[in-house]
Amino acid sequence: MEKFYTLFFVAGIGCFVVAIVLSMVFPFMTLNDYQGMGYQTLEDLAAVPSDEFVELSTTFPEAFAEHYGEVSPTSYAEALRLGRDLYVGQACWHCHSQYVRVVSNEEQRFGPVSTAQEYQNALNKPHLWGTRRVGPDLSREHGKRTNDWHIAHLINPKNVVPGTVMPSYSFYFEEDGTPKKKGFALVTYLQWLGTTAVEDPQ
Amino acid sequence: MNATAKNEPLVDYGLIKWHLGAAGVALAISMIAGFEYSLQFLGFFPHAGSEIASPGHFRLIHTNFAAYGWLVNGFTAMLYYVVPRLTGFQVWSKKIGWLIFGAWQFILVAALTGYLFDKAQAIEWGETPTGFRPGSFDLNWIPVDALIVVGAVLLISQFMVPLFKARHQKYYVTLWYLTAGLVWLALTYLMGNIVPEWVLPGASGAAVTGLFIHDLVGLYVTPMGWGLMYFFVPLILQKPIWSHSLSVIGFWALAFFYPLGGVHHFLISPIPDYVEFGAITTTIAIEVVVTTVVVNFFMTLRGKWGALRTNMSIRWFYAGAMMYMLTCFQCAFQVTWMFQKIIHFTDWVVGHAHMIMFGTFTFWMIGVIDWLWPRIVRREWYSNGLRSWHFWLSTAGIVIMFTDLTISGLIAGFMQRELNTWTEIVQASVPFWWVRTVSGGMLLTGLFCGLYNMLMTARKGAPYVEANHLVAVEAE
Ligand code: HEM
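Protein sequence lines, in the order shown, are assigned to chains A and B. Going by this note's numbering, the first residue of the first sequence is number 61, and it counts up by one from there. Going by this note's numbering, the first residue of the second sequence is number -16, and it counts up by one from there.
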C-alpha cells in the first residue's frame, strides 16, 4: 500500500480520473440531453446586430465609423468579442456574477432564473458565472439600461449611483463622453448579456 | 538511509534560499496588491483612473501571486529540503533546479504583465494568460499556460527521480502526499486550463472550472501542507506522529473524497442537481477526514505543550491548525444549500478563503521558514522581537479579518434576500470593509517585520551556533 506505484497510479491518477468522470463527464452527459443545447458560435450570435449597437452607430457616427465602419454582423461580432475580452481582462467578473439562482428572491431582483441552455455559446467559453457579487448580477442586463446610462456609469459610476464602489473606466471614453473603440465594445457586450436567455426551460 | 554516490551534499541550500526569497517577494507583491484593492472598496484606490494599474488587475495579481508566486515557490523550496532527506537520494539535477527557478520567476513576470494588459483568462485562480485565442494560435502574449505546464512537468521530474529511486523502501506518509500531490498538480492544471477554454462551454465548463479551483487547493496545496506538517511537527517535537494508521486513513480519504467536491463552487446553478448533491455530500465527508488529521496533530503535541511557548515554528503550526479546524468546520455548514442561498456571492466566502490560505497554509509555511532560515543562511535570527511581532500581528489580523468578513457576508446575504437596493447593501458593507483594510494593514506590517528580519538575519545575524539548533534542544 505504501509503494511508489500504488501512490502514483492508484491515488494520483486513479482518484483524479474518478472525480473527472463523476463531476465532469456525468454532468456533461446529462446537460447534453437537455433540449436546446446546440452550440452557438460567435457568428451565430452576431448574425443580427442588436438595436443598441445600431443606436451607438447613430449617436456617435464619426467615432463609430472610425472604429467599426458599418453596422454589420462582422463589426458586431468584433465588438462583442472585444467587449468580452475587456470584461475578462479588467476582472469585472470578480465583482459581478452572471447567473440568477432560484433562491434569495433573485428572480424578483434580477429576472428569470438561469438555465443551462443560455450558456451554450462562444461568449460563454469559458463561462463568466463568477463567485462574488460586489455589484449586482449582470446576466439580465440586456435592455435594462440605455446606452447613455452605461456610458455615464462607466465614465464615473459615482455620478450615476452615488454610493457605489465600482471603479471608473473613463479611459475607454473621450473627454466629451464619446466612446473609444473599447468603450463601444464594452457597452455592446453589456447590452448583449441575457439575450440568449430561454423562455421555457425544459 | 542510502548514501548518495557522489560527494555532493544531499540537499542543495542555494536553491532553497532563492526559492524562499522569491516566495517572500511574491507574498509581498500579492499582499500589497490585495491591500490596494481593498482600498477601492473605501474609495481610496491610489491610482484610480489608470487603465493599466486598475483595481481589477490588482485583484488578479493578488490571488495569482498568492498561489503561483508564494505557495508554489515556497512549497518547492521545502520539497528540496524534505524529499532528499526522506528518500536518501538527491533530486534529479541541480542544473534543472536553476532552470526551473528561472523559468518560474519568468512565468510570474509574464503573468503579471499580462494581467496589466488585459490578457487574463476567464478561469478563476487560473487567470494566467493563454497567449492566444483557442483555435487561432496567433500569439498575443507569452503563452504562460503552456509554460506553466512545462514548468510543472520539470518540477515533477525533479522530485519524482528520488521518489522513484526509493520505490523499494517503505514510504513515510509525507512522501505519500508529495508523490500524489505532484501528479495531481500537473493533471489539474492541464484539465482546468484546456477543457473549459477549448472543449466545454457554459454549464458543463463551469463544472470543470469548479473542479479546477477545488483541485488546486485540495490536490496541490493541501497535500503539500499536510505532508510538510507530518515531516516537521514530529521532527521539531522529537517524537513520532501520534497515529500512523490515522495518517494513512487521512491520505486515502483525501485522495478519494476531495476531488469529488469540485462542483460546490457553483451550487444552486444550472449544473444538474444530482451532481451538486454529490459534491455537497463528499464535501461534508472530507470534513470528517480533516478532523482525523487535526486530531493526529494535536495528540502528537500532547505532553509537549511547552513547545508552544518556546518554539516559534510550533506556535505557527498549531495556530494554523486551530484555524484549519475552524475553517473546515465552517465548510461543512456553508456547503449546504441552506447556507449557500444566503452566503454565496458575499464576503463570507472571502473570509473563508483568507482563513484557509493565510491563516492555515501561509502560517504553516512561515513556521517552516522560521525553522529553516537560520540553517540556510548559517546565522542566528537577527531579532526575536520581530519574530514575535510577525506572529502576533498575523494572528490578530487574520482573526479580525475573518470575523469581520463573516459578519459582513451574513448581513449582505440577508439584505440581498430582503430585496434592499444594491446601494444599501454596498453602504452597509463599507464599515466592514474598513475593518478589513485595517486588519489587512496588520497582516502587511507583520509580513514586513518578517521579511526585514529574514534580510537582516542573512546580512547581520550573529554567527550560527550549532548547539542552539539541535532538534532536541528546539523541542524543549
Ligand atoms: C494584506 C492582506 C490582504 C488583504 C488586504 C487582502 C484583500 C483581498 C481582497 C480585497 C480580496 C477580494 C475580495 C472580494 O472580491 O470581495 C481578496 C481575495 C482573495 N485573497 Fe486576499 N488579501 C490579503 C492577503 C491574502 C493572502 C496572504 C492570501 C493567500 C495566501 C489571500 C488570498 C486571497 C484569495 C484566495 C482571494 C479570493 C477570494 C474569493 O474569491 O472568494 N489574500 N483579498
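Just so you know, even glycine gets a beta-carbon here, dropped at the ideal spot from N, CA and C. These figures come from a predicted structure and were not determined experimentally.
Endpoints, the alpha helix (DSSP H) within which residue i is located
i: residue 356(B); result: 346 to 360
i: residue 126(A); result: 121 to 128
i: residue 339(B); result: From DSSP, residue 339(B) is part of no alpha helix (DSSP H); its letter is neither H nor E.
i: residue 235(A); result: Looking at the DSSP string, residue 235(A) is not in any alpha helix (DSSP H), and its letter there is neither H nor E.
i: residue 292(B); result: 290 to 293
i: residue 158(A); result: Taken as a continuous stretch (DSSP letters only), residue 158(A) belongs to no alpha helix (DSSP H), as it is neither H nor E.
i: residue 1(B); result: -4 to 23
i: residue 432(B); result: 405 to 443
i: residue 61(B); result: 55 to 70
i: residue 204(B); result: That residue, residue 204(B), is in no alpha helix (DSSP H); it is neither H nor E in DSSP.
i: residue 104(A); result: 102 to 105
i: residue 321(B); result: 320 to 326
Status (buried if at least 16 other CB within 10 Å, exposed otherwise) for residue i
i: residue 236(A); result: exposed
i: residue 294(B); result: buried
i: residue 262(A); result: Its pLDDT being 45, under 50, residue 262(A) is placed unreliably by the model, and the measurement read from it follows with that caveat. Result: exposed.
i: residue 228(B); result: exposed
i: residue 443(B); result: exposed
i: residue 288(B); result: exposed
i: residue 282(B); result: exposed
i: residue 452(B); result: exposed
i: residue 47(B); result: buried
i: residue 125(A); result: exposed
i: residue 35(B); result: exposed
i: residue 28(B); result: buried
i: residue 256(B); result: exposed
i: residue 132(A); result: exposed
i: residue 89(A); result: exposed
i: residue 259(B); result: buried
Own chain partners of residue i with C-beta closer than 8 angstroms, once the 5 adjacent residues on each side are dropped
i: residue 220(A); result: 209, 212 and 213
i: residue 104(B); result: 110, 111, 112, 113, 128, 176 and 180
i: residue 427(B); result: 14, 15 and 18
i: residue 420(B); result: 18, 21, 22, 24 and 25
i: residue 160(A); result: 166, 167, 170, 171, 172, 173, 174, 197, 199 and 200
Own chain partners of residue i with C-beta closer than 6 angstroms, once the 5 adjacent residues on each side are dropped
i: residue 10(B); result: 53
i: residue 137(A); result: 102 and 106
i: residue 207(B); result: 58 and 164
i: residue 342(B); result: 306 and 381
i: residue -12(B); result: Model confidence at residue -12(B) stands at a pLDDT of 47, short of 50, so the residue's coordinates are unreliable; what they give is reported in the following sentence. Taken in chain order, the list of residues that qualify is empty.
i: residue -15(B); result: Bear in mind that the predicted position of residue -15(B) carries a pLDDT of just 43, short of 50, making it unreliable; the figure below should be weighed with that in mind. Answer for residue -15(B): 71, listed in chain order.
i: residue 98(B); result: 40, 43 and 44
Contact list for residue i against chain B, beta-carbon separation under 7 angstroms
i: residue 145(A); result: 101
i: residue 87(A); result: 187, 190, 254, 255 and 258
i: residue 163(A); result: 251 and 324
Spatial neighbours of residue i in its chain, beta-carbon cut-off 7 angstroms, leaving aside the 5 residues before and after
i: residue 217(A); result: 224, 226 and 228
i: residue 417(B); result: 25
i: residue 84(B); result: -2, 1 and 2
i: residue 86(A); result: none
Proximity below 8 angstroms, CB of residue i to CB of residue j
i: residue 244(A); j: residue 139(A); result: yes
i: residue 180(B); j: residue 117(B); result: yes
i: residue 130(B); j: residue 167(B); result: no
i: residue 299(B); j: residue 374(B); result: yes
i: residue 388(B); j: residue 331(B); result: yes
i: residue 145(A); j: residue 121(B); result: no
i: residue 245(B); j: residue 170(B); result: no
i: residue 224(B); j: residue 279(B); result: yes
i: residue 395(B); j: residue 310(B); result: no
i: residue 119(A); j: residue 207(A); result: yes
i: residue 69(A); j: residue 146(B); result: no
i: residue 181(A); j: residue 99(A); result: yes
i: residue 272(B); j: residue 237(B); result: yes
Chain A contact residues for residue i, given Cβ-Cβ distances below 9 angstroms
i: residue 180(B); result: 185 and 186
i: residue 174(B); result: 76, 80 and 84
Within chain A, partners of residue i - CB distance below 7 angstroms
i: residue 264(B); result: Chain A residues near residue 264(B): none, gap ~11 angstroms exceeds 7 angstroms.
i: residue 23(B); result: 225 and 227
i: residue 238(B); result: 71 and 75
i: residue 373(B); result: None at all; the shortest Cβ gap to chain A is about 29 angstroms.
Interface partners of residue i on chain A, CB under 8 angstroms
i: residue 270(B); result: Within chain A, no residue comes near residue 270(B); the closest Cβ sits about 18 angstroms away, beyond 8 angstroms.
i: residue 261(B); result: 82 and 83
Within chain B, partners of residue i - CB distance below 9 angstroms
i: residue 151(A); result: 37, 38, 39, 40, 41, 42, 43, 98, 103 and 110
i: residue 154(A); result: 39, 42, 43, 46 and 107
i: residue 217(A); result: In chain order: nothing, as chain B lies at least about 11 angstroms away.
Amino acids of chain C, ordered along the chain, whose beta-carbon sits closer than 8 angstroms to that of residue i
i: residue 150(B); result: As a matter of chain content, chain C is missing from the structure shown, whose protein chains are A and B.
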